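Please read the structure below before turning to the comments.
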Amino acid sequence: HYAFLYAFLSGVMLVFLMTPMLHRCITLPAFARDGAKGIAMAVFQAGFGQNGLGNMPNPTQWIVTACFLQTLLGYNVWAKHNYYALIVPMWAPLLGVVFGAFLYRVYMALLHLGK
């Protein structure tokens with residue numbers, strides 16, 4: 020349950036980190052805009068992905084590893100640990116991004132209505 024929660028919160032934090040940054044750098048030149056996006060993703064990756072605080076919203080690492088173990092070694096990873104490989108890396112970050120987008124919309128609406 021903790022892994023699901025961490026992966027879910029990583030999706031929420033991705034929205035709260037990237038959305039304001041993308042909004043602010045939209046008027047920058049293309050090179051600076053791409054650099055700012057890269058810096059934000061590096062901060063996010065360092066904060067969550069490298070410290071074991073959840074999975075990135077892109078579950079490629081888990082899927083490729085599971086497919087390798089399944090096809091070449093015959094190890095059934097999909098059904099192990101109550102379908103952990105399907106639920107936590109794939110669905111938790113996606114649900115976190117959707118929920119984070121909703122929370123961000125509510126947050127921005129409260130800011131605009133509070134003026």
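Counting in the numbering used here, the sequence shown runs from 20 upward without gaps.
A virtual CB, placed ideally from N, CA and C, is assigned to each residue, including glycine.
Only a predicted model underlies this, so the values are computations on that prediction, with no experimental measurement involved.
Whole angstroms is fine: what's the gap from L31's alpha carbon to D53's? Looking at the sequence shown, residue 31 is not Leu but Val. Taking the straight line from one Cα to the other gives about 22 Å.
Got a sec? Which residues, its chain only, sit under 7 Å from A85 by beta carbon, not counting five neighbours each side? V96, W97 and A104
With a CB to CB cut of under 8 Å and the five nearest residues on each side skipped, what residues in its chain are close to F27? G73, A111, P112, L114, G115 and F118
Since V107 contacts F23 with CB under 8 Å, what's their CB separation in whole angstroms? 5 Å
Excluding the five sequence neighbours on either side, which residues of its own chain have a C-beta within less than 8 Å of the C-beta of L47, listed in chain order? A55
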